[in-house]
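Residue numbers (the working numbering), protein chains in the order written: chain L, 1 to 353; chain D, 354 to 706.
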């Protein structure tokens with residue numbers, strides 16, 4: 001018994017080591033791809049490298065690469081060949097897709113800070129103003145960020161040039177869901193009618209599927225292991241909700257120094273987050289303060305009431321439940337990977353930025 | 354001899370007929386794809402269909418489909434099987450890519466009219482204002498148009514899920530060049546330092562390669578006929594310049610009713626178009642008026658001087674030369690297609706919108 005536990009730990013450690021080795025290749029692939037692209041365009045037209053740099057700057061600015069990590073894990077859990085190049089390209093493509101999403105999101109949210117540095121559209125608006133260039137600085141900065149996003153999406157696609165049609169179909173679904181989730185998010189914010197059901201739906205598409213399930217599914221398809229899709233979907237649903245709830249907690253209670261971007265945006269924007277829908281259902285003090293009118297409630301008073309309420313602990317409780325559910329789903333994956341998937345769920349749910 | 358000419362005409366007619374039959378399938382494919390997508394999303398979330406409709410509205414608003422037509426022609430010239438589904442998907446993908454480009458372009462240019470209807474970002478800004486929704490109407494409208502563009506690009510990629518890596522590589526080049534051409538265009542407009550060389554470069558990437566050469570090349574690769582790439586590139590260079598010069602002429606001298614979009618933008622924006630660089634080189638009256646300072650020249654006086662000058666006829670002469678060069682390149686394509694390619698060059702160069 002003791003030996004088998006030791007063997008299991010050894011195999012878990014080996015699994016993680018294999019994953020990390022592929023993740024290091026993913027980083028190199030991103031670097032090499034972007035460097036090569038920069039060299040090609042520097043010869044064609046020196047100015048054009050600015051757009052490559054805009055993409056590369058976002059890729060290099062950090063991020064924990066959860067989507068590539070889930071993709072590689074899904075692939076190895078499906079017994080994919082760790083030395084094949086396809087998985088490295090697919091995981092790198094997911095990071096470039098996320099780069100695209102961040103560049104466009106920051107324009108749509110008019111966010112000025114990302115990973116503690118000015119966002120692309122803000123930086124290029126400032127450049128436009130500083131040079132006294134023609135036209136509107138805001139439009140120029142936003143146009144550069146939009147085009148940099150478009151280029152990042154193109155780069156992602158180029159990395160997938162060699163992959164199988166089945167994997168590409170998962171990718172197509174993932175991209176479509178991402179655009180739709182984003183659209184419903186801005187529509188809900190504009191309409192400003194708090195709708196808990198729509199909030200769950202958006203969280204499911206933007207976190208559960210985009211960040212967890214579809215990357216795992218891409219990996220599984222690439223490995224030729226479609227039997228893993230069902231447990232991965234179950235796992236992704238739970239981890240995605242935990243991911244989104246952590247996002248809500250960080251926005252509500254963490255400092256901007258910790259997260260590297262502005263915080264308390266949700267309360268200030270009177271957003272019906274998952275956290276807020278739990279607060280309205282379960283916390284009498286919040287329900288009494290807000291009544292039927294979340295959008296009319298004073299943001300500072302609401303934030304103070306959230307701090308005083310038990311919502312923080314309550315949401316931590318829900319996150320813990322989701323992580324347990326994720327563990328149950330993870331147990332349906334091949335043994336060497338079930339523990340690793342559980343561990344990844346914990347990392348995602350208890351991150352600090 | 355007379356018989357052989359008749360045979361040749363018969364074979365040309367047949368070639369065009371085959372092409373048109375595939376083009377009709379491309380239209381059906383676009384319709385069916387967008388309808389199916391709308392049905393799927395109507396079930397998931399009724400609001401989400403707005404984004405599909407935004408893409409479909411642009412696809413259905415017209416356009417002469419030159420990129421799909423060049424792609425199909427390149428494919429048939431390369432002896433591709435007219436009944437295979439891949440060519441239909443590739444040509445439809447090119448039209449969706451163009452839909453993406455138009456949606457994003459209209460935001461970047463803040464253009465309010467396209468094909469005689471309000472542009473997407475304007476229509477959605479108006480909707481936002483009419484409903485009294487929250488946030489800035491401009492940002493909302495532009496965000497919807499950006500996301501609709503992103504969705505159109507995703508749809509294009511989905512249509513290419515089954516195609517070969519070689520064809521996908523041409524597609525990746527085409528998309529990269531499109532984003533870069535667009536970036537250099539807005540950079541040049543912002544810097545506002547007339548640079549004829551940069552103007553030619555942008556015209557080459559945005560018209561010659563994006564509209565003509567790369568679509569032909571995708572078709573040739575799909576047919577497995579890479580030997581056609583060199584003559585297609587030569588042809589694309591000439592037709593692309595003719596295409597761009599016609600664009601410049603329409604902007605300078607046609608009415609907005611004819612083109613379906615605002616005209617005289619280039620002169621009002623003091624843009625260094627290909628037409629303007631020829632005018633400065635060849636028309637003494639224009640050179641005297643402008644001197645070293647295109648950007649400081651009064652737009653109305655410049656336009657009047659262009660009308661009085663011989664630039665219109667001169668540019669028509671250059672277009673005619675380019676069409677002749679295109680014919681020489683087209684003659685290197687298989688006989689059944691060389692005449693058709695010459696005819697397409699004429700259609701592109703003498704279009705009225």
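Note that CB positions come from ideal geometry on N, CA and C, so glycine has one too.
For residue 561 of chain D, same chain residues with a beta-carbon under 6 Å away, outside a window of 5 residues either side, are 589, 590 and 593 in chain order. Close to residue 240 of chain L, with beta-carbon spacing below 7 Å, lies no residue of chain D; the smallest spacing is near 16 Å. Residue 384 of chain D has its alpha-carbon roughly 41 Å from the corresponding atom of residue 326 of chain L. Residue 299 of chain L is not a Cβ neighbour of residue 487 of chain D, given a cutoff of 7 Å. Between the alpha carbons of residue 202 of chain L and residue 399 of chain D lies a distance of about 13 Å. Here residue 348 of chain L has 66, 239, 242 and 243 as same chain residues with Cβ atoms under 7 Å from its own Cβ, once five neighbours each way along the sequence are excluded. Annotated three-state conformation of residue 634 of chain D is helix, per DSSP. The C-alpha of residue 160 of chain L is placed about 25 Å away from the C-alpha of residue 341 of chain L. Ranked by how close their Cα comes to the Cα of residue 686 of chain D, the residues D:540, D:482, D:584 and D:675 have D:584 in first place. Residue 35 of chain L and residue 26 of chain L have their C-alpha atoms some 14 Å from each other. Residue burial is scored here from C-beta neighbours: residue 366 of chain D has fewer than 16 other C-beta atoms within 10 angstroms and is therefore classed as exposed.
At a cut-off of 7 Å between beta carbons, residue 70 of chain L makes no contact with chain D. Only exposed fits residue 255 of chain L, as fewer than 16 other CB atoms lie within 10 angstroms of its CB. Contact between the region 256-269 of chain L and the region 368-376 of chain D is absent: fewer than 3 CB-CB pairs across the two stretches fall below 8 Å.
In the structure shown, the three-state DSSP call for residue 621 of chain D is helix. For residue 151 of chain L, the enclosing alpha helix (DSSP H) has its first and last residue at 137-159.
Annotation: residue 89 of chain L has no Cβ neighbours in chain D at a cutoff of 7 Å; minimum Cβ distance is about 11 Å. Within chain L, the residues placing a beta-carbon under 7 Å from that of residue 522 of chain D are 161, ordered along the chain. Under the Cβ criterion of 7 Å, residue 619 of chain D is not counted among the residues facing chain L. At least 7 Å separates the beta-carbon of residue 109 of chain L from that of residue 119 of chain L. With fewer than 16 neighbouring CB atoms inside 10 Å of its own CB, residue 304 of chain L falls in the exposed class.
For residue 108 of chain L, the nearest CB of chain D lies under 7 Å from its own CB, placing it at the interface with that chain.
Counting only residues of its own chain and dropping the five nearest sequence neighbours on each side, residue 545 of chain D has a CB closer than 6 Å to the CB of 648. Against residue 47 of chain L, the close residues of chain D are 537 and 540, in the order they occur along the chain (beta-carbon pairs closer than 7 Å). One thing to note: residue 77 of chain L has its Cβ within 7 Å of the Cβ of residue 337 of chain L.
The alpha helix (DSSP H) runs of length 4 or more contained entirely in the region 539-581 of chain D are, from start to end of the chain, 549-556 and 567-576.
Within the region 664-692 of chain D, there are no complete beta strand (DSSP E) runs of at least 3 residues. At a cut-off of 7 Å between C-beta atoms, residue 483 of chain D does not count as an interface residue with respect to chain L.
In the three-state scheme derived from DSSP, where H, G and I count as helix and E and B as strand, residue 466 of chain D is classed as strand.
C-alpha of residue 674 of chain D to C-alpha of residue 507 of chain D: approximately 39 Å in a straight line. Beta-carbon to beta-carbon, residue 498 of chain D and residue 456 of chain D are separated by about 5 Å, close enough to satisfy the 8 Å threshold. In the displayed model, residue 421 of chain D falls within a helix according to three-state DSSP.
In this structure, residue 443 of chain D sits near residue 571 of chain D, with a CB-CB distance shorter than 7 Å. Put simply, of L:99, L:324 and L:136 the residue whose alpha carbon is nearest the alpha carbon of residue 60 of chain L is L:99.
The beta carbon of residue 566 of chain D sits no closer than 7 Å to any beta carbon of chain L.
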